[in-house]
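J.: With this note's numbering applied, the sequence shown has no gaps in its numbers, which climb one by one up to 372 at the end.
Think of the CB as a built atom: it goes at the ideal place given N, C-alpha and C, for glycine as much as any other residue.
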Amino acid sequence: MKGTKVAVVGSGISGAVCASSLARNGLSVTLFESARGPGGRMSQRRENVEDGKELLFDHGAPFFTANNTEVLSLVHEWESKGLAAIWKEKFGSFDRTSNKFVDLEQEGLISKRYLGIPGMNSVCRALCREPGVESKFGTSVGRLEWLEDQNLWSLIGLDGQNLGQFKGVVATDKNIVSPRFTSVTGKPLPLDLKLFPELAVKLNDIPVRPCFALMIAFAEPLTSIPFKGFSIKNSEVLSWAHCDSSKPGRSTSSERWVLHSTMEYAQRIIAQTGLQKLSDATLTKVAEELFQELQSLGLNISQPFFKKAHRWGSAFPATSIAREEKCLWDGNKRFAICGDFCVSPDVEGAIVSGLAAASKLSEVFSCL
Ligand SMILES: Cc1cc2nc3c(=O)[nH]c(=O)nc-3n(C[C@H](O)[C@H](O)[C@H](O)COP(=O)(O)OP(=O)(O)OC[C@H]3O[C@@H](n4cnc5c(N)ncnc54)[C@H](O)[C@@H]3O)c2cc1C
5 MKGTKVAVVG SGISGAVCAS SLARNGLSVT LFESARGPGG RMSQRRENVE
55 DGKELLFDHG APFFTANNTE VLSLVHEWES KGLAAIWKEK FGSFDRTSNK
105 FVDLEQEGLI SKRYLGIPGM NSVCRALCRE PGVESKFGTS VGRLEWLEDQ
155 NLWSLIGLDG QNLGQFKGVV ATDKNIVSPR FTSVTGKPLP LDLKLFPELA
205 VKLNDIPVRP CFALMIAFAE PLTSIPFKGF SIKNSEVLSW AHCDSSKPGR
255 STSSERWVLH STMEYAQRII AQTGLQKLSD ATLTKVAEEL FQELQSLGLN
305 ISQPFFKKAH RWGSAFPATS IAREEKCLWD GNKRFAICGD FCVSPDVEGA
355 IVSGLAAASK LSEVFSCL
């Protein structure tokens with residue numbers, strides 16, 4: 005049934021891949037995204053500094069890996085269009101206890117690390133603009149209503165605006181059924197799980213792991229660090245650091261690094277602050293603590309001219325709820341839920357899940 009109207013909620017990689025695949029199958033896709041731009045946890049953050057310059061940071065996923073054949077074939081297509089590339093740098097690991105680096109290449113622990121070009125969000129951005137996909141950014145879906153008599157979905161915005169009616173819907177964020185949505189927005193949950201009693205059991209309260217990202221910029225290169233990305237072992241505060249400006253396609257006018265906190269550190273802060281928007285004072289304190297930990301590694305780090313922390317309240321799902329099926333699906337109501345929480349807590353898992361949801365929805369319409 006060509007031209008059938010369907011909606012995708014979320015422009016992270018699962019939603020973007022799903023929307024593109026549905027449109028390539030002839031469906032007319034409207035994609036809604038709460039944020040101002042595409043990418044979700046594959047976003048790129050734009051920061052203005054005092055002298056009017058802009059600093060860009062991949063403050064979510066720094067890179068991704070791919071093994072699945074379908075995913076690899078998409079990644080190769082993105083590479084051929086200049087939207088993705090391999091990050092060919094040296095990667096290591098630093099042990100806080102022995103104060104020593106290990107070269108992962110020498111240990112044989114390297115797999116290809118893929119990047120979006122010129123930012124991690126470039127793939128999502130391109131997919132959201134494909135023919136057949138109409139993307140509406142800055143539009144939060146506040147309610148997904150099933151109209152039984154019309155056999156249709158009606159989508160309503162967070163402020164009550166009518167977002168249209170659709171034959172099928174794919175939701176890509178577990179927040180639409182999570183109490184987190186209500187605690188952050190103060191509004192009721194967008195989806196009434198009584199519509200899907202069998203899916204409700206799986207979706208109930210998916211555990212998540214939080215993380216803080218610290219974005220820092222230096223006027224001069226940090227020559228004392230022998231790697232452009234390294235994990236940090238045996239630190240209570242830091243788990244990862246990478247040089248964002250070493251990635252292909254990025255500006256090299258300053259040296260920009262992104263650090264990730266440990267999950268335990270982020271949980272400790274969230275236990276004190278809750279999930280509400282963090283105050284500037286808390287974010288400054290977190291930024292200081294993460295930077296101090298980097299300094300304490302003994303790597304001779306100079307003072308950055310820019311330093312800012314970002315909280316990812318649910319950076320990684322702590323469980324996978326549809327490892328076999330790859331997405332949750334109700335054929336009668338033509339409703340799918342996909343995302344990394346279905347398959348594995350990474351970009352590859354999110355792509356696999358988005359493709360599975362698109363395939364379910366496309367199949368149902370091709371039979372009509
Ligand atoms: C700090 C950090 C480091 C990471 N490191 C790696 C890594 O090294 N390698 C790797 O592979 N993965 C990594 N990941 C994980 C990876 O980013 C995710 O697995 C993947 O991006 C998830 O994609 P998704 O589409 O499932 O979800 P998301 O990217 O979260 O997309 C969901 C989208 O839905 C939107 N949305 C939610 N509710 C609504 C609504 N009501 N209306 C409209 N829009 C809505 C959200 O704004 C969001 O854009 C990392 C993540 C973080 C945060």
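Which of the three DSSP states, helix, strand or coil, is assigned to V53?
T.: coil
J.: Can you check the stretch 198-239 for any alpha helix (DSSP H) of at least 4 residues that lies completely inside it and give the ranges in chain order?
T.: 201-207
J.: Using a Cβ-Cβ cut-off of 6 Å (strictly less than) and excluding sequence neighbours within five positions of C247, which residues of its own chain qualify?
T.: K232, W261.
J.: Kindly indicate which residue of E51, F68, P66 has the alpha-carbon position closest to the one of L60.
T.: Ranked by Cα distance from L60, the first of E51, F68, P66 is E51.
J.: Let's see if you can read the secondary structure: which residues bound the alpha helix (DSSP H) around R184?
T.: 183-189
J.: Do the stretch 343-363 and the stretch 180-193 touch if we need at least three Cβ pairs shorter than 8 Å?
T.: By the Cβ criterion, the stretch 343-363 is not in contact with the stretch 180-193, since fewer than three pairs of Cβ atoms, one from each stretch, lie closer than 8 Å.
J.: Could you give the distance in angstroms between the alpha-carbon of G374 and the alpha-carbon of A20?
T.: Past the edges of the chain, shown from 5 to 372, lies residue 374, and the structure says nothing about it.
J.: Please tell me whether, using a cut-off of 7 Å, the distance from the CB of T176 to the nearest non-hydrogen atom of ligand 1 is below it.
T.: yes
J.: Does V205 pass the burial test, meaning 16 or more other C-beta atoms within 10 Å, or should it be called exposed?
T.: Classification of V205: exposed, given that the 10 Å Cβ count is below 16.
J.: Pull up the CB-CB distance for I274 and P214, whole angstroms please, since I reckon it's below 8 Å.
T.: I274 to P214, Cβ: 6 Å. Contact.
J.: Closer than 7 Å: is that where the CB of M267 sits relative to any heavy atom of ligand 1?
T.: For ligand 1, no non-hydrogen atom lies closer than 7 Å to the CB of M267.
J.: Which ranges does the beta strand (DSSP E) cover as unbroken runs of at least 3 residues, wholly within the stretch 266-338, from first to last along the chain?
T.: 310-321, 332-334
J.: Go to F105, then tell me how far its beta strand (DSSP E) extends in each direction, as first and last residue.
T.: 104-107
J.: Given a cut-off of 8 Å, decide if P308 and F222 are closer than it, judged by their beta-carbon atoms.
T.: Contact: yes.
J.: With a threshold of 16 other CB atoms inside 10 Å of the CB of A285, please say whether the residue is buried or exposed.
T.: Exposed.
J.: What are the residues that DSSP puts in a beta bridge with A89?
T.: L119
J.: Any heavy atom of ligand 1 within a distance shorter than 7 Å of the CB on N166?
T.: no
J.: Helix, strand or coil: which one does DSSP assign to V356?
T.: helix
J.: Residues in the same chain with beta-carbon distance under 8 Å from R100, minus the five sequence neighbours each way, listed in chain order, please.
T.: Within the same chain, R100 has close Cβ partners I236, K237, N238, S239, L301.
J.: State yes or no: is the C-beta of S15 nearer than 7 Å to some heavy atom of ligand 1?
T.: yes
J.: Roughly how many angstroms separate the alpha carbons of F105 and S97, rounded to a whole number?
T.: 6 Å
J.: Would you mind giving the Cβ-Cβ distance between V12 and L35, rounded to the nearest angstrom? I have them listed as a contact below 8 Å.
T.: 5 Å
J.: Going by CA-CA distance only, name the one from N72, G164, D177 that's closest to G44.
T.: D177
J.: Nearest to E37 by alpha carbon, out of I210, L282, V212, V174?
T.: V174
J.: Reducing DSSP to helix, strand and coil, say where E259 ends up.
T.: strand
J.: Would you decide whether L151 is buried or exposed? Buried here means 16 or more other CB atoms lie within 10 Å of its CB.
T.: exposed
J.: In the DSSP assignment, what are the bridge partners of E74?
T.: The secondary-structure analysis by DSSP pairs E74 with nothing; it has no beta-bridge partner.
J.: Taking N125 and S228 to be in contact with their CB atoms under 8 Å, please state how far apart those CB atoms are, rounded to whole angstroms.
T.: Their Cβ separation, rounded to whole angstroms, is 31 Å, which puts N125 and S228 out of contact at 8 Å.
J.: Let me know if H63 comes out buried or exposed under the rule of 16 or more other beta-carbons within 10 Å of its beta-carbon.
T.: Taking all protein chains in view, the Cβ of H63 is crowded by 16 or more other Cβ atoms within 10 Å, so the residue is classified as buried.
J.: By Cβ distance, which residues of its chain are closer than 7 Å to R40, with the 5 residues on each side in sequence left out?
T.: F141, G142
J.: Count the C-beta pairs between the stretch 359-367 and the stretch 155-174 that are closer than 8 Å, then say yes if the count reaches three, no if not.
T.: yes
J.: Please report the distance separating the alpha-carbon of E259 from that of D196.
T.: 47 Å
J.: Looking at the secondary structure, which residues open and close the beta strand (DSSP E) in which C342 lies?
T.: Per DSSP, C342 belongs to no beta strand (DSSP E) and is neither H nor E.
J.: Give the C-beta separation of D334 and L203 to the nearest angstrom, bearing in mind that I take them to be a contact with Cβ-Cβ under 8 Å.
T.: 7 Å
J.: When DSSP labels each residue in this structure, what does A175 get in the three-state scheme?
T.: The answer is strand: DSSP assigns A175 an E or B state.
J.: If the criterion is Cβ atoms closer than 8 Å, does the pair K251 and W82 meet it?
T.: It is not a contact, given that the beta carbons lie outside the stated cut-off.
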